[in-house]
Structures are given as structure tokens and as C-alpha cells.
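**Student:** One structure follows; several queries about it will come next.
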Amino acid sequence: MARVRPPPGPAISARRLTKRFAGRVAFDELTFEVERGEVFGFLGPNGAGKTTTVRTLGTLLAPTSGAATVAGLPLTPANGARIRRRIAVLPESPGLYLRLSVMENLRCFAGLYEVPAPAARIERALRAVDLTGRDRDICGTLSKGLRQRVALARALLADPQVIFLDEPASGLDPAAAREVHDLIGGLRRDGVTVFLTTHRLEEAERLCDRVAILNTTLRAAGRPAELRERLFAPALTVRTAVPLPDPGRVLSGLPGVEGWRQDGVAGYVLTVADPAAAAPALTRALVAAGADVLSIVPTRPTLEDVYFELVDPGQADRP
Ligand SMILES: Nc1ncnc2c1ncn2[C@@H]1O[C@H](COP(=O)(O)OP(=O)(O)O)[C@@H](O)[C@H]1O
Ligand SMILES: [Mg+2]
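Using this note's numbering, read the sequence shown as starting at 2 and increasing by one per residue.
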């Protein structure tokens, strides 16, 4: 997609950004940056403040305190209209006119956004979401997944530098969710910065260059693999046919093994500095102890492990 060269600097930056409603803190002291062209995941349970963050960065709500820049512009009331011309927000419920056709919806919004050369933009947006040929369908007759694609086409009309997607795949069946995921991949290839909120861990892990984990405050931000490494030591998981009679005697004091815990009836998770270095001596020790070893596998913590480590499990809305 051709667009004017974006200004230098991050696509979004927030410094101690806070939003309070009467007596309730929606998000508190958020500091983070989103690089241009990346897919940035904003991950947190229900009530974490994701939608309020999107609405604030999208200029629909004023922050209570702190500062931010969006698409290169300071987030101030005076800049609201200029920021809105550089971004698009796809809210949780897309709010299309259900009695109108796809084309009528897009024409209507193109008019509202004062999009120049609307016919060509509409055509391109329909192509981007693979809806060419469905333009005469009445939106009310479309499946939820197709409606989400129309909403995405609408968001693309104004050729945004930054697009905010608030739980774009929520309520979609797996096939439709996958289509939305493919479209997000396409946005990244076109150089659009994507700010994606989700409470779905595998969605974040699969789509996002970096994720921030939010639960009113920001708990961590980084690439999913970095977060895993930062929070969890590598491990080896041993499974035996029958429980070891005295696991402590076999597993303690092995070279490279920092600790171990039981996992199930005949499973043992060993914290190690380097799985490849620790595995041979561990195997010899188990064989010497007469253990019937079923498997020894290195375990990689998932983003889910990171998430539940950082987000109070009592509040988490487990998927
Ligand atoms: N307009 C509002 N007035 C008062 N409280 C609100 C309003 N909008 C959101 N909240 C509160 O802010 C918190 C964060 O909500 P929200 O941003 O919708 O979370 P999420 O999108 O992560 O589920 C919740 O406690 C919610 O009840
Ligand atoms: Mg929300």
C-alpha cells in the first residue's frame, strides 16, 4: 500500500499513562513503546484495561495523567483530529449498518472519514480482506467472520499508519479466526503497525512480534520467547514406567541439575542450566538406578506459563 512516509520515531509511546474512572482505575502508569511496522499484542484477562487503553490511544477518551504519542503526534485534545486521520480503530463490536450492503457501508464510512478517491480506496480495501464480489451482500446476512472482515475493510479505508484491533477474533469460529489472523499478517507485510488486544494466548504467541502483559498495570513486555527466558529456567522432564522409589537419591546432586520436583505419579521436572549438557549424566544415573525410563524431554515454558506467572490467577479468565 502506498502511503506518505511516516515520521520517524515509534508508532506509539506511552509514559506513565493512567486512566481512572470515578473510583476505579482502568489502567495505571503504563509505559511502553510500539515500533513502526510491528504487531504488538496487548494481552490480559477481562477487565485488565485493554479496551480502555485502545479508546484512550485512539483519542476517544482523555487520559487522567501521563503522556503518549500516537502515529508521531502527542496525544492532546488539540491533536485529536490529526491523530484520527493517521489511525484506525476496530472496536470489539464493529457496528456496521446491518440493513445496508457491504458497499453501502463502506461508501458511507468513506464519506464520514472524507476519504479522497473513495471508489478506488473501497476497491482496494475489499481486495485486502478478500471480499471482492461480496460487495452487494447485505451485512446483516453475513456470518460473524465476514462481518469482521467488512469492519477491517472499513478500518483500512483511511490508509492508517497504525491500526488498533480490539479482540478481533473473539467470538469467531476457528476457521474465521484464522482468516482474521492471516489478514493481520497481511497488514504487517504492508508496513501497518498493529496494536492488537487479546485474552487469547496462542493468538498473541502466533501473531505478535512483541507482547505486553497487562492487568491494570503493565507486568512485562517483550518478545514471547524473551519473556519465557526471563521468567523460567530451562527444564528436563523425565517420565518413568513406575515411580522412582527414592527420587531424591537419584536426581539430587547431578551435574548441571539445579533442582527437581515431582510432576504426576512417575514424572520429574528438573531445572537445569543447559538441557543438552545435563541430559547424558541424568540418563546414566537413571539407568544405574534401574529405572525404566520412558522419556527425557527438554521442556519449554509457553507464553501461557508466563502469563499465569504474571497475572493473578484468581483474576485470570482462563481460556
Ligand atoms: N466508562 C467506564 N466507566 C467506568 N468504568 C469503566 C468504564 N469503562 C471501563 N471501565 C472499567 O475499567 C476496567 C477496564 O475495563 P476494560 O478496559 O474494558 O478491560 P478489558 O478490555 O481488558 O476487558 C474495568 O474494571 C471496567 O469495569
Ligand atoms: Mg475489552
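Glycine included, C-beta positions come from ideal geometry on N, C-alpha and C.
Got a sec: does ligand 2 put a non-hydrogen atom nearer than 8 Å to the Cβ of N47?
**Tutor:** Translated into the one-based positions of the sequence shown, residue 47 becomes position 46. Yes, since a heavy atom of ligand 2 falls inside the 8 Å radius drawn around the Cβ of N47.
**Student:** Under DSSP, the alpha helix (DSSP H) around Q149 begins and ends at which residues?
**Tutor:** On the sequence shown, position 148 is the one that residue 149 refers to. 145 to 157 is the extent of the alpha helix (DSSP H) around Q149.
**Student:** Can you give me the Cβ contacts of L173 inside the same chain, cut-off strictly under 7 Å, excluding the 5 residues immediately before and after it?
**Tutor:** Within the sequence shown, numbered from 1, the residue matching residue 173 stands at position 172. Excluding sequence neighbours, L173 sits near K145, G146, Q149, V181.
**Student:** Apart from the five residues just before and just after R319, which ones in its own chain have a Cβ nearer than 7 Å to its Cβ?
**Tutor:** Working through the sequence shown from its first residue, we reach residue 319 at position 318. Low confidence applies here, because R319 scores a pLDDT of 41, under 50, leaving its location unreliable; read the following figure in that light. Result list for R319: empty, nothing under 7 Å.
**Student:** Given T217, which residues of its chain have a CB within under 8 Å of its CB, disregarding the five upstream and five downstream residues?
**Tutor:** Position 216 of the sequence shown, counted from the first residue, corresponds to residue 217. Contacts found: V26, A27, F28, D29, A49, G50.
**Student:** Please state whether DSSP places P302 in a helix, a strand or coil.
**Tutor:** In the sequence shown, residue 302 corresponds to position 301, counting from 1. Here P302 sits in coil by DSSP.
**Student:** Let me check one thing: in DSSP terms, what residues is R262 bridge-paired to?
**Tutor:** Within the sequence shown, residue 262 is the residue found at index 261, counting from 1. Paired residue(s): V270.
**Student:** Cβ of D293 versus every heavy atom of ligand 2: is any distance shorter than 8 Å?
**Tutor:** If you number the sequence shown from 1, residue 293 lands on position 292. The answer is no for D293.
**Student:** Helix, strand or coil, according to DSSP, for G223 in the structure here?
**Tutor:** Mapped onto the sequence shown, residue 223 falls at position 222. If DSSP states are grouped into helix, strand and coil, G223 belongs with the strands.
**Student:** Does DSSP put V55 in a helix, a strand or coil?
**Tutor:** What you label residue 55 is simply residue 54 of the sequence shown in a count that begins at 1. Helix, per DSSP.
**Student:** Please classify V71: does DSSP put it in a helix, a strand, or coil?
**Tutor:** Position 70 of the sequence shown, counted from the first residue, corresponds to residue 71. Note: V71 maps to strand in three-state DSSP.
**Student:** Near L101, what residues of its chain come up, given a Cβ to Cβ distance below 8 Å and the 5 sequence neighbours on each side ignored?
**Tutor:** In the sequence shown, residue 101 corresponds to position 100, counting from 1. Only C109, I139, C140 meet the Cβ criterion.
**Student:** Any beta carbon from chain B within less than 9 Å of L18's own beta carbon?
**Tutor:** Protein chain content of the structure displayed is limited to a single chain, and chain B is not contained in it.
**Student:** Which partner residues does T238 have in the DSSP bridge list?
**Tutor:** In the sequence shown, residue 238 corresponds to position 237, counting from 1. V270, V298.
**Student:** Any idea what DSSP makes of A89, helix, strand or coil?
**Tutor:** Looking up residue 89 in the sequence shown gives position 88. If DSSP states are grouped into helix, strand and coil, A89 belongs with the strands.
**Student:** Taking just the CA atoms, how far does S14 sit from G45?
**Tutor:** For the purposes of this step, residue 45 is taken as residue 44 along the sequence shown, with counting starting at 1. For the purposes of this step, residue 14 is taken as residue 13 along the sequence shown, with counting starting at 1. Spanning the two alpha carbons is a distance of roughly 19 Å.
**Student:** What residue range is occupied by the uninterrupted alpha helix (DSSP H) comprising R100?
**Tutor:** For the purposes of this step, residue 100 is identified with residue 99 of the sequence shown, where counting begins at 1. Unbroken run through R100: none, as it is neither H nor E.
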